[in-house]
Amino acid sequence: MRAKSAPSAASAASAASARTAAQFVALLVLGAVLLALGLAIGSLGWSPWTEAGDTMRLILWDIRAPRSLGAWLAGALLALAGAVAQGLFRNPLADPYLLGCSAGASLGVAALLFVMGISPAAALALRVGMTGAAFVGAIGAVLLTLVLARGVTQSLRLLLAGVVVGVVLGSGAALLTLMNPDILRAMQAFMLGSTGYVGWSAVQVMAVALGLCLLTALGCSRTLDALTLGEDTARSLGQRLTLIRLLLIATLSLATGAAVAQCGLIAFVGLVAPHLVRSWGPTTHGALLLLSALTGGALLLAADIAARWVIAPQELPVGIITALLGGSYLLWLMHRRKAHFGGAGGSQ
Amino acid sequence: MKSMGPLGRAALSLATLVLTATSAVAAPITIQDDRGHTVTLPDVPRRIVSLLPSLTETICELGDCAKVVGVDRFSNFPASVQKLPRLGGLDDTSIEALVALKPDVVVAGVSARVIDRLEGLGLRVLALEPKSMNDVQRVLGKMGRLLGKEDDARRLWNRVGGHIAQSAATLPPAARGLSVYYEVDAGPYGAGTASFMGEILARLGAKNIIPAELGPFPKLNPEFIVRADPQVIMVGQRNAAGLPQRPGWSAIRAVKQQRICVWVPAESDVLVRPGPRMSEAAALMARCLREAAQGPVAWPTTPFNAPPGGMR
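For the protein sequence lines, the chains are A and B, in the order given. Take 1 as the starting number for the first sequence in my numbering and just add one per residue. Take 1001 as the starting number for the second sequence in my numbering and just add one per residue.
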């Protein structure tokens, strides 16, 4: 949305981009500060790297560093996915899980845990691992949704198919859990999200996924801008909607799958981060996507720090903290701007 | 702390019963269960349904296995109960099948959802909650009373206590005082000093890395375990795979020196069920400590293979 004629519009646009740049820098700084904080908080609560010793070095380098970085990356991936979903479906309540990703991932994990007790399948199960199963489940669920919706052309059909897939796969996961309560605790841990075991390999995977997803999403951001004017207008502006939609759904699933596979089903980050960015002022989708990712990273990292700090050396599931934070924020937003939320439904 | 009250009550009721037992043969049996409800039976029950593995084991250990006509999905010991009708789990007990068995009494854990429904259908339900060693003693007393075998129950309790003491006494000095992390689940959830496993570990003189104030099964920050640096790790086979590869765990003494005791499912069953087999549980842990004191502990060679059970 570049203004070409009116100089006032041009200056407004440059003011907006200056604000975006400032927010970008601020969020990066916030991320860095949180990362430093993440290195200083562990099972003893506040315990910075003052005592020099092999154990401390190991804890810093092998546990706290990848865990903090991983939490940031997972948050960024989820928030990016959320921003993509909200833009693509032009629905402020869209989140990364709306195409069935979460239910698919839980079914994948439940199935893996379930077959682990059956010896011929156990070897295969171990090779796939929890992350593999969750990722395959998440991607599989999206593919199933696409098949059921017969392609990507109709948003409403996609959403409904996503709901159906979510419910059906979710009850499948619940059934497996009920049939074998041994896996109950592990399933619960997965559903609530956990960053406890994020190591360097997980960080690498998520970093690569984030890079890929950011590039694709930013590349498609002009189409998302055009889509805000309605599908017909977007098409008349020369956007290749079907292709771009497919690309964006692939981005959305890759981002969600990568985050969910490493950290479990973390609630609300993907929903709240884009709203947070939008509440700071109007943006183009390019800026929204980028800033959402940075915001989501900061949010999840902050939640992770809180999760290990509040009752150290015990841990709260990080998903509970994000749900509390995100839920109360949404509630606040809703009461502050009732008219806005009422209008969003009508503009669909 | 919470078990002091019921324990005192149990001791009292046990004492009164000793007085009355000699005179009464077919007199009604009155027992207060762990919900505080008073359950009255006209006579010693002949048909019993058990919905908790440790209670099934208790009945069989007291010699009344033949009276058990139905069990929950997870009761698998002794082998003879595996042929009985399976009535489902904690939350999905099949009420029709249970009622059709016409039990004189149903024994279940206090958290079983079906209790109210069953009582509504006119069945007598004894709800018991064996969680700690004290609970096991109390529950054993009540089961003894239910079956009219109080003396057997007391003898069984003494025998179990004796075996545990023996396991502890035969440990070589090097196997005593080792610091232990007992993992219940990969969360990581550990077994604290306040848990049943923690109590047995304490009897064996091991140092649990999880202090009592964290409760029975705390979800820990993995860093806590790395920092505590236990000499021995005990873990079920389900969660053992990948444990040494967790970030930073390679530095833990137990991992470095390969002192990880991995329980196969049958062993896990023994270890997680607070019941008459707790002397076996103590023997298993003692074996682990003894092996760990000598050097690397071998992992089980059989692949993990467990039908659905509880907390393996």
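By construction, the Cβ of each residue, glycine as well, lies at the ideal position given by its N, Cα and C atoms. Model, not experiment: these values are computed from the prediction.
Worksheet item: Alpha carbon to alpha carbon, what distance is there between Val29(A) and Trp1263(B)?
Response: 48 Å
Worksheet item: What does DSSP give as the partner residues of Cys1065(B) in its beta bridges?
Response: In the DSSP output, where bridge partners are listed per residue, Cys1065(B) has none listed.
Item to complete: Drop a sphere of 10 angstroms on the beta-carbon of Thr1040(B), count the other beta-carbons inside from all chains shown, and report buried for 16 or more, exposed for fewer.
Response: exposed
Fill in: Residues from the segment 1210-1230 of chain B in contact with chain A, defined by Cβ distance under 8 Å
Leu1214, Pro1218, Lys1219, Leu1220, Asn1221, Pro1222, Glu1223, Phe1224, Val1226, Arg1227, Asp1229
Worksheet item: Taking Cβ positions, are Ala302(A) and Leu99(A) nearer each other than 7 Å?
Response: no
Discussion item. Using a Cβ distance threshold of 8 Å, determine whether the segment 1264-1283 of chain B contacts the segment 1190-1206 of chain B, with at least three qualifying pairs required.
Written reply: yes
Worksheet entry | Distance CB(Pro1053(B))-CB(Arg1277(B)) smaller than 7 Å | no
Worksheet item: In whole angstroms, what is the alpha-carbon distance linking Ala85(A) and Val260(A)?
Response: 16 Å
Worksheet item: Which residues mark the beginning and the end of the alpha helix (DSSP H) in which Ser43(A) is found?
Response: That residue, Ser43(A), is in no alpha helix (DSSP H); it is neither H nor E in DSSP.
Discussion item. Contact criterion: CB-CB distance below 7 Å. Does Gly1187(B) meet it with respect to chain A?
Written reply: yes
Worksheet item: So which of Asp1185(B), Leu1101(B), Asp1092(B) has the shortest CA-CA distance to Gly1242(B)?
Response: Asp1185(B)
Item to complete: Flag this pair as yes or no: are the beta carbons of Ala1254(B) and Val1226(B) separated by less than 7 Å?
Response: no
Practice prompt. Report the neighbours of Asp1092(B) on chain A: residues whose CB is nearer than 8 Å to its CB, in chain order.
Written response: Leu178
Worksheet item: Counting contacts by CB-CB distance shorter than 7 Å, is Gly1248(B) in contact with chain A?
Response: yes
Worksheet item: Sorted by chain position, which residues of the same chain lie with C-beta nearer than 8 Å to Val1068(B)'s C-beta, five sequence neighbours on each side aside?
Response: Ile1048, Val1049, Ser1050, Thr1056, Ile1059, Cys1060, Val1081, Leu1084
Fill in: Integer-rounded CB distance, given that Gly1248(B) should sit under 8 Å from Leu44(A)
That pair is no contact at about 15 Å.
Fill in: Contacts that Gln314(A) makes with chain B (C-beta to C-beta distance below 9 Å)
Leu1214, Gly1215, Pro1218, Lys1219, Leu1220, Asn1221, Phe1224
Discussion item. With the cut-off set at 7 Å, would you say Ile266(A) and Thr322(A) are in Cβ contact?
Written reply: yes
Worksheet item: Who pairs with Tyr1182(B) in a beta bridge, going by DSSP?
Response: Met1234(B)
Worksheet item: What do you get for Thr1022(B), buried or exposed, if any count of 16 or more other CB atoms within 10 angstroms of its CB means buried?
Response: Note that Thr1022(B) scores 47 on pLDDT, short of 50, meaning its location in the model is unreliable; the coordinates nonetheless yield the value given after this. Thr1022(B) is exposed by the Cβ-count criterion.
Item to complete: Grab me the residues of Ala1168(B)'s own chain with a C-beta within less than 8 Å of its C-beta, minus the 5 sequence neighbours each way, in chain order.
Response: Arg1203, Leu1204, Gly1205, Ala1282, Ala1286
Worksheet entry | Nearest neighbour of Val1180(B), chosen from Thr1170(B), Gly1198(B), Gly1187(B) [CA to CA] | Gly1198(B)
Discussion item. Less than 7 Å between the C-beta atoms of Leu289(A) and Ser221(A), yes or no?
Written reply: yes
Worksheet entry | Arg90(A) versus Thr131(A) - alpha carbon distance | 31 Å
Worksheet item: Who are the near neighbours of Gly76(A) in its chain, counting only those whose CB is closer than 6 Å to its CB and skipping five residues on each side?
Response: According to the sequence displayed, residue 76(A) carries Ala and not Gly. Cβ neighbours of Ala76(A) beyond the five flanking positions: Leu210, Ala293, Gly296, Gly297.
Worksheet item: To which residues does DSSP link Ala1108(B) through a beta bridge?
Response: Ala1127(B)
Worksheet entry | Burial state of Val167(A), where buried means 16 or more other Cβ atoms lie within 10 Å | exposed
Discussion item. Less than 7 Å between CB atoms is the rule here; does Lys4(A) satisfy it with respect to chain B?
Written reply: The pLDDT assigned to Lys4(A) is 46, lower than 50, so where the model puts this residue is not dependable; a value taken from the coordinates is nonetheless given after this. Answer no: the Cβ-Cβ gap between Lys4(A) and chain B never drops below 7 Å.
Discussion item. Determine whether the beta carbon atoms of Ala138(A) and Cys101(A) lie at a separation below 7 Å.
Written reply: yes
Discussion item. So Val152(A) and Leu158(A) are supposed to be a Cβ contact under 8 Å. How far apart are they, rounded?
Written reply: 6 Å
Worksheet item: Ala21(A) CB to nearest chain B CB: under 7 Å?
Response: no
Practice prompt. Kindly identify the DSSP beta-bridge partner or partners of Arg1086(B).
Written response: Val1071(B)
Item to complete: Determine the closest residue to Gly1120(B) out of Val1136(B), Ile1095(B), Leu1140(B), Ala1251(B), with distance taken between C-alpha atoms.
Response: Ile1095(B)
Worksheet item: Residues of chain B with CB under 7 Å from Thr195(A), in chain order?
Response: None at all; the shortest Cβ gap to chain B is about 10 Å.
Discussion item. So, under 8 Å CB-CB, Gly82(A) and Leu227(A) are touching, yes? Tell me the CB distance rounded to an integer number of Å.
Written reply: Their Cβ separation, rounded to whole angstroms, is 16 Å, which puts Gly82(A) and Leu227(A) out of contact at 8 Å.
Fill in: Helix, strand or coil at Trp1299(B) according to DSSP, with G and I counted as helix
coil
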